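Each number in the working numbering comes from the position in the sequence shown (counting from 1) with 61 added on.
Here a beta-carbon is modelled for each residue, glycine too, at the ideal position from N, C-alpha and C.
Since this is a predicted model, take the numbers as computed values, not measurements.
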Amino acid sequence: MNNSIRSFNSKGERIPVTVLGATGMVGQVFMWMLEIHPSFKVVSITAGDSRKGKSYREATRWQLPVPFPETYGRMPFSTLNDVLAAPTPIVFSALPAEIALKIEPMLAESGAAVFSNASAMRGKENVPILIPEANPGDLGRIKKQQWGSGGFIVTNANCATTGLAVALSPLRKFGIKDVFVSTCQSVSGAGYPGISHMDIAGNLIPFIENEEEKIKGELSAILHLYVPIFPSCVRVPVRFGHLETVWAKLGENVSTTDIRESWEKFKPPAHLPSLPETPVSYLSDPAQPQPALSFAGTPPGMAVFTGGLKKQGNRIGFILLVNNIVRGAA
62 MNNSIRSFNS
72 KGERIPVTVL
82 GATGMVGQVF
92 MWMLEIHPSF
102 KVVSITAGDS
112 RKGKSYREAT
122 RWQLPVPFPE
132 TYGRMPFSTL
142 NDVLAAPTPI
152 VFSALPAEIA
162 LKIEPMLAES
172 GAAVFSNASA
182 MRGKENVPIL
192 IPEANPGDLG
202 RIKKQQWGSG
212 GFIVTNANCA
222 TTGLAVALSP
232 LRKFGIKDVF
242 VSTCQSVSGA
252 GYPGISHMDI
262 AGNLIPFIEN
272 EEEKIKGELS
282 AILHLYVPIF
292 PSCVRVPVRF
302 GHLETVWAKL
312 GENVSTTDIR
322 ESWEKFKPPA
332 HLPSLPETPV
342 SYLSDPAQPQ
352 PALSFAGTPP
362 GMAVFTGGLK
372 KQGNRIGFIL
382 LVNNIVRGAA
């Protein structure tokens, strides 16, 4: 933690933060979640040059099924140069990867704590891909980062990886030997405006560039799980929510009751306002989970829903649902 953050914490004040890429789909989620967060206050936002001179309300085509953050509706946009000249203690980045690769290290060097949704810095030396419930200990790697003034970078995982990692994390104690996963990924995972209506309407696209490689690499890194992982990824004409079919071989011959109890007892490492009390919620209804539930739970969109649990020998199978832009991104 850098000194600026410590100073605000000691005074009990909300920490000033910046949101980079605030008008995009993930940026909108940042703004919505930060408006109601007790520890943070957005004081600056950035977006593309076309938004110059506009307020956040004027520049944003709101895409989410949650209320617009009116607290920040009149906020003007800062330039990236403005942010670099006077960085806030914390920066949340929803920048495109090619811009993030340049800007995020500069912010960290200036002393900012950068929390990034961009893929640019994932997998870089000593940059953790963090899911608080799954690998909180990896946060210690930021001490080895070589940025100035206590700055650091933390990234999240790919959206499809995140739900899978949360669901598998409490099952590691049974000795996971391999993982097969087939994803049905919503169009919002491609951003906005994303995929052409002509391509996706009434159709499925059985290819998402680099997605399978991301799942394999990130799942191994997050769970420290160095076993065969076999992903298949399909884009589907659903607006929000990724549905995944999972089969995993376990080293122990456990029952479905053991699996459900492990999910029920799985808790966050600390009480944090943005985390659900139960990260994995099992649904007994055989027709669930469905993407229509993507924004269910408290906080909305943060729980991973599972269902359809079954067992075949030492293999267990289940369906999971993850909100790709809330839990899986912001």
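Please state if the CB of residue j and the CB of residue i are separated by a distance shorter than 8 Å.
i: Pro150; j: Pro77; result: yes
i: Val80; j: Met92; result: yes
i: Phe379; j: Val307; result: yes
i: Asn375; j: Leu286; result: no
i: Met403; j: Ser335; result: No statement about residue 403 is possible, as the shown extent of the chain runs from 62 to 391 and does not include it.
i: Glu284; j: Pro193; result: Checking the sequence, you will find Leu at residue 284 rather than Glu. No, Cβ-Cβ distance for Leu284 and Pro193 is not below 8 Å.
i: Met86; j: Tyr253; result: yes
Looking at the structure shown, is residue i part of a helix, part of a strand, or coil, going by DSSP?
i: Ser316; result: coil
i: Ser180; result: coil
i: Gly389; result: coil
i: Ile203; result: helix
i: Phe356; result: coil
i: Gln349; result: coil
i: Ile97; result: coil
i: Gln373; result: strand
i: Phe91; result: helix
i: Lys102; result: strand
On the DSSP letters alone, give me the boundaries of the alpha helix (DSSP H) that residue i sits inside.
i: Gly134; result: From DSSP, Gly134 is part of no alpha helix (DSSP H); its letter is neither H nor E.
i: Arg118; result: Tyr117 to Ala120
i: Lys163; result: Ala158 to Glu170
i: Leu333; result: Element bounds for Leu333: n/a, residue is neither H nor E.
I believe residue i touches residue j by the beta-carbon criterion, under 8 Å. Please report the beta-carbon distance rounded to the nearest angstrom.
i: Ala364; j: Leu280; result: At roughly 19 Å, the Cβ-Cβ gap does not stay under 8 Å, so Ala364 and Leu280 are not in contact.
i: Phe301; j: Ser249; result: 5 Å
i: Leu344; j: Gly368; result: 4 Å
i: Ile269; j: Arg233; result: That pair is no contact at about 26 Å.
i: Thr395; j: Val242; result: Here the chain comprises residues numbered 62 to 391, so residue 395 is not present and cannot be evaluated.
i: Ala221; j: Ile276; result: 6 Å
i: Leu382; j: Leu304; result: 5 Å
i: Arg112; j: Phe138; result: 5 Å
Could you tell me the boundaries of the beta strand (DSSP E) in which residue i lies?
i: Arg376; result: Arg376 to Val383
i: Trp308; result: His303 to Leu311
Within the 8 Å Cβ cut-off, does residue i reach chain B?
i: Leu200; result: Judged by its chain identifiers, the structure shown contains no chain B, having just a single protein chain.
Alpha helix (DSSP H) segments (min. 4 residues) lying fully within the region 191-272
220-229 and 258-261
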